[in-house]
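Residue numbers (our numbering): 2 to 322.
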Ligand code: RIB
Ligand code: CA
């Protein structure tokens, strides 16, 4: 029986790869995809989800709903240097030999209802038997907690891509982007009482999708879409991250729902710094073998992964698609 999920995303490039993996995995039933401001503004994120679904051509298209256009408190930030000005590595501007857009705006419109209403409806209709997967800032999920804490507390699990522990972040010396973009939302979600499984940079930066792997499958089908949207991020990664390729933070998080055995975990109490010019977005947890600060754990944190096994899964499910 496929596992029903809500996928909340600030569709950027690795988010699009996550959508591809989720939609191509029979273990997962994507009930809806919701957009949140983060990598790119929420209207672009919504349009990018729809374009990505057009590229995947799934048998059943989940509804796509527009969510929060800005964080709960802080000013909006974006990551267009990583994902391109359109959030899809410049794919909006690509044209075929005949001059027509390779990836035109989708003919399928987003849902009328706001993301928060769509998410809460899915939870209530399924009596909580659904997993919330958040691979962008947690603004939409936090708004759901504020609107109906009991509903959020009833869900099977909240799976989050975000945070970093005991090492520099990717948006500041202290913080990872998704948490940094809306630390107040993250604090609300980590305090909501639902089971949380967290995929921080500590694990997502153990895996690199190489340009070679992408190019091997870049001539047609979904592999061509992956090649077309990842070039910009590969260039960024070559300059600032791993010269061989790009991190696929969000797709790795989705792989947990396909094969939990890919990962090693540790339970811990995660707290979020919501203020401070330097420390805003910091995620704190005592991850030592003998933790001294033993507050009650509120999350299971993924700290190790079988990278070759993940890359083989991604190549099989997405690149060969
Ligand atoms: O820090 C990486 C995360 O921030 C990923 O989800 C990426 O898409 C951005 O949202
Ligand atoms: Ca993301």
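All residues carry an ideal CB built from backbone N, CA and C; glycine is no exception.
Annotation for residue 47 indicates a beta carbon at 7 angstroms or more from all heavy atoms of ligand 2.
Only buried fits residue 140, as 16 or more other CB atoms lie within 10 angstroms of its CB.
Sixteen is the threshold: when 16 or more other Cβ atoms of the shown chains lie within 10 Å of the Cβ of residue 230, as they do, the residue is buried. By alpha-carbon distance to residue 136, the top candidate from 263, 321, 104, 253 is 253. Leaving aside the five residues that flank residue 159 on each side, the residues in its chain whose CB is nearer than 6 angstroms to its CB run, in chain order, 133, 195, 197. Judged by the Cβ position, residue 233 fails to qualify as a neighbour of ligand 1 at the 7 angstroms threshold, every heavy atom of the ligand being at least this far.
With the rule of 3 Cβ pairs closer than 8 angstroms, the region 82-94 does not count as touching the region 143-159.
Not a single heavy atom of ligand 1 lies less than 7 angstroms from the C-beta of residue 109.
Proximity to ligand 2 was defined by a C-beta distance below 7 angstroms to any of its heavy atoms, and the residues meeting it, in sequence along the chain, are 10, 11, 13, 15, 16, 39, 40, 136, 137, 162, 179, 250, 251. The residue among 169, 6, 45, 273 with its C-alpha nearest the C-alpha of residue 123 is 6.
Pairing residue 138 with residue 193, the inter-Cα distance amounts to about 16 angstroms. The region 219-246 contains, as complete alpha helix (DSSP H) runs of 4+ residues, the segments 222-241 (chain order).
Secondary structure at residue 217: helix, using DSSP grouped into helix, strand and coil.
8 angstroms or more divides the Cβ of residue 53 from the Cβ of residue 79. Residue 23 has its Cβ no nearer than 7 angstroms to any heavy atom of ligand 1. Pairing residue 17 with residue 85, the inter-Cα distance amounts to about 13 angstroms.
Inside the region 28-107, DSSP marks whole alpha helix (DSSP H) runs of 4 or more residues at positions 43-57, 81-84, from first to last along the chain. Beta-bridge annotation (DSSP): residue 162 is paired with 200.
Counting C-beta pairs with one atom in each stretch, the region 210-227 and the region 264-274 have fewer than three that are closer than 8 angstroms, which means they do not touch. Scanning its chain for C-beta atoms nearer than 6 angstroms, with the 5 sequence neighbours on each side dropped, one finds around residue 19 the residues 136, 251, 252, 255, in chain order. Put simply, of 117, 300, 109 the residue whose alpha carbon is nearest the alpha carbon of residue 70 is 117.
Residue 283 is bridged by DSSP to 176.
Between residue 46 and residue 38 the beta-carbon gap is near 7 angstroms, inside 8 angstroms, which marks them as a contact. Across the structure, residue 186 and residue 114 are spaced so that their CA atoms are roughly 21 angstroms apart. Residue pairing by DSSP places residue 4 opposite 29 in a beta bridge.
Short of 6 angstroms from the beta carbon of residue 285, and not among the five residues preceding or following it, lie these beta carbons of its own chain, in chain order: 272. For residue 265, the enclosing beta strand (DSSP E) stretches over residues 264-269. Assigned with DSSP and collapsed to three states, residue 10 falls in strand. One Cα belongs to residue 280, the other to residue 303, and the distance between them is close to 23 angstroms. If the five residues before and after residue 245 are omitted, its C-beta is found closer than 7 angstroms to the C-beta atoms of 209, 211, all from its own chain and listed in chain order. In this structure, the straight-line span from the alpha carbon of residue 81 to that of residue 239 is close to 16 angstroms. Residue range 209-211 is occupied by the beta strand (DSSP E) that includes residue 211, with no alpha helix (DSSP H) assigned at that position. Considering only 68, 55, 73, 296, the residue with the shortest C-alpha distance to residue 8 is 68.
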